[in-house]
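Chains as they are written, first to last, in the numbering used here: chain A, 9 to 159; chain B, 9 to 159.
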């Protein structure tokens with residue numbers, strides 16, 4: 009998770025919502041590291057998890073990441089949770105809870121649905137304080153800047 | 009929708025699940041056409057809708073498709089429905105219902121959730137027969153081939 013948090017810091021530096029993701033193979037090899045690049049890529053689907061899944065699949069030459077684990081600093085949204093299922097990822101570790109846009113323990117609760125064909129093992133709240141703090145700092149700075157602009 | 013169906017036929021020819029998508033701007037210009045490319049790209053997120061959203065955003069140089077419409081031959085899954093919301097697409101037209109993997113009228117019912125910040129207008133069942141038939145034919149051929157292999 010510390011590597012995913014490092015990736016989140018890269019997003020922060022690029023003025024993107026600081027979320028990072030890392031995908032690791034069953035034998036512990038890091039296959040992909042990614043962070044939010046929505047603005048940079050002009051792509052609303054460019055969440056850290058989606059980019060990491062695409063990179064890991066490219067690295068392995070497959071469209072399924074069976075046996076792999078994904079580490080994400082924030083609870084995945086419903087798009088990313090669905091993608092994790094489609095990619096057949098075995099284990100999901102996430103940091104901070106996202107009560108506003110999360111899709112695992114909140115909202116769509118993708119992995120509780122009978123329709124979700126593949127469900128990973130889920131471990132939430134890993135390094136939750138650190139993963140949450142970078143988001144709080146980011147949005148706090150955004151608010152200050154916005155207030156600065158309107159004054 | 010007929011253009012989306014043409015795209016679905018391209019997927020069929022490439023041995024991909026035949027689903028096609030087209031994104032049109034508010035003034036009627038076709039911004040993107042795409043079809044499933046999961047196997048070709050080794051990318052479990054390469055559903056027609058995701059690829060179309062990425063293309064349309066690239067064409068417009070933005071991460072939001074406000075005012076745009078998306079035409080999809082099959083009810084979007086929860087990943088794609090969430091992406092349609094994130095992209096702020098104004099209108100969703102879809103063809104066949106997907107009771108197994110759909111996320112609009114089935115499963116996660118993404119657009120009924122209070123957590124879904126943007127909800128498009130939804131028009132389902134457009135050319136549903138034609139959009140469904142190509143899928144039925146595809147899976148029927150797959151089954152025949154599978155049976156051929158085991159005999």
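C-beta: ideal position from N, C-alpha, C; glycine also.
Within 7 Å, strictly: CB atoms of residue i and residue j
| i | j | result |
| --- | --- | --- |
| residue 64 of chain A | residue 31 of chain A | yes |
| residue 116 of chain A | residue 86 of chain A | yes |
| residue 111 of chain A | residue 89 of chain A | yes |
| residue 50 of chain A | residue 70 of chain B | yes |
| residue 58 of chain B | residue 91 of chain B | yes |
| residue 56 of chain B | residue 28 of chain B | yes |
| residue 26 of chain A | residue 142 of chain A | yes |
| residue 122 of chain A | residue 114 of chain A | no |
Close Cβ partners of residue i (< 6 Å) along its chain, the five nearest in sequence each way excluded
| i | result |
| --- | --- |
| residue 40 of chain A | 31, 60, 63, 64 |
| residue 79 of chain A | 9, 12, 30, 101 |
| residue 127 of chain A | 119 |
| residue 15 of chain A | 28, 41, 43 |
| residue 136 of chain B | 103, 104 |
Residue i at chain A interface by Cβ criterion, 7 Å
| i | result |
| --- | --- |
| residue 41 of chain B | no |
| residue 44 of chain B | no |
| residue 140 of chain B | no |
| residue 50 of chain B | yes |
| residue 12 of chain B | no |
| residue 19 of chain B | no |
| residue 58 of chain B | yes |
| residue 159 of chain B | Residue confidence for residue 159 of chain B is low, a pLDDT of 48 falling below 50, so the modelled location carries little weight and cannot support an answer. |
Chain B within 7 Å of residue i, Cβ atoms only
| i | result |
| --- | --- |
| residue 53 of chain A | yes |
| residue 67 of chain A | no |
| residue 71 of chain A | yes |
| residue 123 of chain A | yes |
| residue 94 of chain A | yes |
| residue 104 of chain A | no |
| residue 91 of chain A | yes |
| residue 62 of chain A | yes |
| residue 34 of chain A | no |
| residue 87 of chain A | yes |
Extent of the continuous beta strand (DSSP E) to which residue i belongs
| i | result |
| --- | --- |
| residue 83 of chain A | Unbroken run through residue 83 of chain A: none, as it is neither H nor E. |
| residue 129 of chain B | 129 to 131 |
| residue 43 of chain B | 38 to 43 |
| residue 29 of chain B | 28 to 32 |
Burial state of residue i (16 or more Cβ within 10 Å)
| i | result |
| --- | --- |
| residue 81 of chain A | buried |
| residue 153 of chain A | exposed |
| residue 131 of chain B | exposed |
| residue 103 of chain B | buried |
| residue 93 of chain A | buried |
| residue 77 of chain A | buried |
| residue 124 of chain A | buried |
| residue 109 of chain B | buried |
| residue 149 of chain A | exposed |
Element boundaries [alpha helix (DSSP H), containing residue i]
| i | result |
| --- | --- |
| residue 105 of chain B | Taken as a continuous stretch (DSSP letters only), residue 105 of chain B belongs to no alpha helix (DSSP H), as it is neither H nor E. |
| residue 16 of chain B | 10 to 21 |
| residue 58 of chain A | 56 to 68 |
| residue 49 of chain A | 46 to 49 |
Residues of its chain near residue i, where Cβ-Cβ distance is below 8 Å and the 5 sequence neighbours each way are ignored
| i | result |
| --- | --- |
| residue 129 of chain A | 98, 99, 100 |
| residue 38 of chain B | 11, 30, 31, 32 |
| residue 54 of chain A | 44, 45, 46, 48 |
| residue 23 of chain B | 47 |
| residue 52 of chain A | 46 |
Beta-carbon proximity list for residue i, same chain, < 7 Å, skipping 5 on both sides
| i | result |
| --- | --- |
| residue 72 of chain B | 95, 96 |
| residue 34 of chain B | 75, 76 |
| residue 146 of chain A | 20, 25, 26 |
| residue 68 of chain B | 39 |
| residue 138 of chain A | 13 |
Within-7 Å CB hit, residue i to chain D
| i | result |
| --- | --- |
| residue 116 of chain B | Here the protein chains are A and B, and chain D is not one of them. |
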